[in-house]
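Encoded as structure tokens, the structure appears first; notes follow it.
Numbering (this note's numbering), first residue to last: 993 to 1321.
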């Protein structure tokens, strides 16, 4: 049987790390080693990791990619599994990843699974899941599909919080790109596919992944993912679709119309209609999700969360575009 190295990047995650490691301890197939790649936490994360006999390495760049690279320097397993410190794993998680690998030919470099919401997820966290589960929240992206898909299939990417790799395959494309703020998983998966490798998704390898718990965390994550998206596109010239830019284009157009309003009063009607259509669209989506998730509070929560998510996604896109231009100049 193949040996397994489990890599968990951390930074000040003591509130969730213990539950994560406890779920790993209870696996039907336990990993041969657990490597904590820490960004110099100032909380109790390291002490918790030591309680569970984890190997510990430190990274200095403040990115997930850097953490993964440091951990890989000491990883010994034939299968390298990556996850996050705010997950709780199903008891059969690693077993199902391993068994899926055993059924696949060697062209399959990665096996990934879903990252469902916590069974006792907070109301705010459930609202985040409801947003992801809409066309306005990225439902058609590979990363979000892995939250909701229920069928086995070959995929173009895999979420880094639940992905296992054959050592010999991932070593062909290492290191992780440490210049990326996020999207290091998308980047490594893209490079594997360019090498002719395949990625496979199995719904049986389940982890439960905590959603953002506060507005600030949700906004920051939206912005960081947008920055990572532009950085990935700048690196490979792929992966940026029109729908990634729609929030930016929408708000910039609205801003332009608002400025023109001072010149032509009739433009004010256009501005009202323009933003009115947006509000109507997200309100309809909110009503649908309120019914689907049976949470009446969503009727009031989701419209505001859609707006803040789109605004901070747009800010991330614009920030990285202008930062890239400044670097070139």
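By construction, the Cβ of each residue, glycine as well, lies at the ideal position given by its N, Cα and C atoms.
Secondary structure of residue 1149, DSSP reduced to three states: Position 157 of the chain shown, counting from 1, holds the residue named residue 1149. Secondary structure at residue 1149: coil, using DSSP grouped into helix, strand and coil.
Using only alpha-carbon positions, find the residue among 1085, 1239, 1203, 1128 that is nearest to residue 1115. Here the question's residue 1115 lines up with position 123 in the chain shown. That would be 1203, whose Cα lies nearest to the Cα of residue 1115.
Which whole-angstrom value describes the C-beta separation of residue 1214 and residue 1117, a residue pair presumed to lie in contact below a C-beta threshold of 8 Å?
As a working mapping, residue 1214 is identified with position 222 in the chain shown. As a working mapping, residue 1117 is identified with position 125 in the chain shown. Not a contact, Cβ separation roughly 15 Å.
- Start and end residues, alpha helix (DSSP H) containing residue 1120: Working through the chain shown from its first residue, we reach residue 1120 at position 128. For residue 1120, the enclosing alpha helix (DSSP H) stretches over residues 1115–1124.
Is it a yes or a no for the stretch 1180–1188 touching the stretch 1267–1278, going by three-plus beta-carbon pairs under 8 Å?
With a cut-off of 8 Å, the stretch 1267–1278 and the stretch 1180–1188 do not count as touching, because too few Cβ pairs lie within range.
Checklist entry - What is the DSSP secondary structure of residue 997, reduced to helix, strand or coil? => result Stepping through the chain shown from its first residue, residue 997 is reached at position 5. Correct three-state label for residue 997: strand.
Next on the checklist: Given this structure, state the Cα-to-Cα distance separating residue 1281 from residue 1290, to the nearest angstrom.
Outcome noted: Here residue 1281 refers to the residue found at position 289 of the chain shown. Here residue 1290 refers to the residue found at position 298 of the chain shown. So the alpha carbons of these two residues sit roughly 7 Å apart.
*Is residue 1378 near residue 1091, with beta carbons less than 7 Å apart?*
The first residue shown for the chain is 993 and the last is 1321, placing residue 1378 beyond what the model contains.
With respect to the beta strand (DSSP E) encompassing residue 1201, which residues constitute its N-terminal and C-terminal limits? Reading the chain shown from its first residue, position 209 is the one you call residue 1201. For residue 1201, the enclosing beta strand (DSSP E) covers residues 1199–1201.
Point to revise | Boundaries (first-last residue) of the alpha helix (DSSP H) holding residue 1210 | key: Working through the chain shown from its first residue, we reach residue 1210 at position 218. Here the alpha helix (DSSP H) through residue 1210 covers 1207–1228.
Just to confirm the assignment, what range does the alpha helix (DSSP H) spanning residue 1139 have? Counting from 1 along the chain shown, the entry for residue 1139 is found at position 147. From DSSP, the alpha helix (DSSP H) with residue 1139 extends over 1134–1140.
Margin query: With the cut-off set at 7 Å, would you say residue 1089 and residue 1080 are in Cβ contact?
Written below: Locating residue 1089 in the chain shown gives position 97, where the first residue counts as 1. Locating residue 1080 in the chain shown gives position 88, where the first residue counts as 1. With a cutoff of 7 Å on beta-carbon distance, residue 1089 and residue 1080 are scored as not near each other.
task = Decide if residue 1030 is buried, meaning its Cβ has at least 16 other Cβ atoms within 10 Å, or exposed.
result = Within the chain shown, residue 1030 is the residue found at index 38, counting from 1. Under this definition residue 1030 is a buried residue.
TODO: Pick helix, strand or coil for residue 1079, following the three-state DSSP scheme.
DONE: Along the chain shown, read from residue 1 onward, the residue named residue 1079 stands at position 87. Residue 1079 falls in the strand class under three-state DSSP.
Q) Whose CA, out of 1178, 1152, 1024, lies closest to the CA of residue 1087? A) Walking along the chain shown from the start, residue 1087 turns up at place 95. Per the Cα distances, 1024.
Review point. What residue ranges within the stretch 1041–1085 form continuous beta strand (DSSP E) runs of no fewer than 3 residues, ordered along the chain?
Key: Entirely contained in the stretch 1041–1085, the beta strand (DSSP E) runs reaching 3 residues are, in chain order, 1047–1050, 1071–1075, 1079–1081.
Distance, residue 1268 Cα to residue 1168 Cα | Taking the chain shown and counting its residues from 1, the one referred to as residue 1168 is at position 176. Taking the chain shown and counting its residues from 1, the one referred to as residue 1268 is at position 276. Between residue 1168 and residue 1268, the C-alpha separation is close to 43 Å.
Buried or exposed by the 16-neighbour rule on C-beta atoms within 10 Å, applied to residue 1140: Taking the first residue of the chain shown as position 1, residue 1140 is located at position 148. It counts as exposed.
* Asked: How about residue 1166 and residue 1220: do their beta carbons lie closer than 7 Å?
  -> Residue mapping note: residue 1166 aligns to position 174 of the chain shown, counting from 1. Residue mapping note: residue 1220 aligns to position 228 of the chain shown, counting from 1. Taking the C-beta atoms as reference points, residue 1220 is found no nearer than 7 Å to residue 1166.
Tell me which same chain residues have a C-beta within less than 7 Å of the C-beta of residue 1164, skipping the five on either side of it? Taking the chain shown and counting its residues from 1, one reaches residue 1164 at position 172. By the criterion of a C-beta distance shorter than 7 Å, residue 1164 is surrounded in its chain by 1187, once the five residues flanking it on both sides are discounted.
Check your understanding: Which residue's Cα is closest to the Cα of residue 1041: 1077, 1101, 1177?
Key -> Start at 1 with the first residue of the chain shown, and residue 1041 comes out as number 49. Out of 1077, 1101, 1177, 1077 has the C-alpha closest to the C-alpha of residue 1041.
Around the Cβ of residue 1308, are there at least 16 other Cβ atoms within 10 angstroms (buried) or fewer (exposed)? On the chain shown, position 316 is the one that residue 1308 refers to. With 16 or more other Cβ atoms within 10 Å, it is buried.
Q.
Suppose you measure from the CA of residue 1130 to the CA of residue 1009; what does that come to, to the nearest Å?
A. Stepping through the chain shown from its first residue, residue 1130 is reached at position 138. Stepping through the chain shown from its first residue, residue 1009 is reached at position 17. Taking the straight line joining both Cα atoms gives about 28 Å.
### Bounding residues of the alpha helix (DSSP H) (the contiguous stretch that carries residue 1177)
The residue you call residue 1177 lines up with position 185 of the chain shown. 1176–1186 is the extent of the alpha helix (DSSP H) around residue 1177.
**Prompt:** Is residue 1054 closer than 7 Å to residue 996 when the C-beta atoms are compared?
**Reply:** Walking along the chain shown from the start, residue 996 turns up at place 4. Walking along the chain shown from the start, residue 1054 turns up at place 62. Not in contact: residue 996 and residue 1054 (Cβ atoms no closer than 7 Å).
Within the same chain, show all residues whose beta-carbon is closer than 8 Å to that of residue 1062, passing over the 5 residues directly before and after it, in chain order. In the chain shown, the residue the question calls residue 1062 occupies position 70. Within the same chain, 1029, 1049, 1050, 1051 come within 8 Å of residue 1062 by CB-CB distance, once the 5 residues on both sides are set aside.
The alpha helix (DSSP H) enclosing residue 1016, as first and last residue numbers: If you number the chain shown from 1, residue 1016 lands on position 24. In the DSSP annotation of this structure, the continuous segment of the alpha helix (DSSP H) that includes residue 1016 starts and ends at 1006–1017.
Please state whether the Cβ-Cβ distance between residue 1056 and residue 1176 is less than 7 Å. Counting from 1 along the chain shown, the entry for residue 1056 is found at position 64. Counting from 1 along the chain shown, the entry for residue 1176 is found at position 184. Closer than 7 Å, so yes.
Exercise. Quick one: give me the first and last residue of the beta strand (DSSP E) that residue 1026 is part of.
Key: Counting from 1 along the chain shown, the entry for residue 1026 is found at position 34. Boundaries of the beta strand (DSSP E) around residue 1026: 1025–1030.
Practice task
For the beta strand (DSSP E) holding residue 1158, just list the boundary residues, first then last.
Solution key: The residue labelled residue 1158 in the question sits at position 166 within the chain shown. Taken as a continuous stretch (DSSP letters only), the beta strand (DSSP E) holding residue 1158 covers 1154–1158.
Problem - Distance CB(residue 1106)-CB(residue 1198) smaller than 7 Å - result: Here residue 1106 is taken as the residue at index 114 of the chain shown, counted from 1. Here residue 1198 is taken as the residue at index 206 of the chain shown, counted from 1. Taking 7 Å as the Cβ cut-off, residue 1106 and residue 1198 qualify as a contacting pair.
Cβ-based neighbour list, residue 1205, same chain, cut-off 8 Å, excluding 5 preceding and 5 following
As a position in the chain shown, residue 1205 is number 213, starting the count at 1. If we look at residue 1205 and ignore the five residues flanking it on each side, its Cβ neighbours are 1114, 1116, 1117.
*Among all the DSSP beta bridges, which residues are the ones paired with residue 1107?*
The sequence position of residue 1107 within the chain shown is 115, counting from 1. For residue 1107, which the question treats as bridged, DSSP gives the partners 1199.
query = My guess is that residue 1067 and residue 1001 are in contact by the Cβ rule of under 8 Å, so how many angstroms apart are they, rounded?
reply = In the chain shown, residue 1067 corresponds to position 75, counting from 1. In the chain shown, residue 1001 corresponds to position 9, counting from 1. So it is not a contact: roughly 13 Å between Cβ atoms.
- Query: Comparing alpha-carbon positions, which option in 1144, 993, 1298 lies nearest residue 1094?
  - Reply: The sequence position of residue 1094 within the chain shown is 102, counting from 1. Of the candidates 1144, 993, 1298, 993 places its Cα closest to the Cα of residue 1094.
ask   = Thinking C-alpha only, which one of 1012, 1017, 1018 is nearest residue 1037?
value = Here residue 1037 refers to the residue found at position 45 of the chain shown. Selected option, being the one with the closest Cα: 1012.
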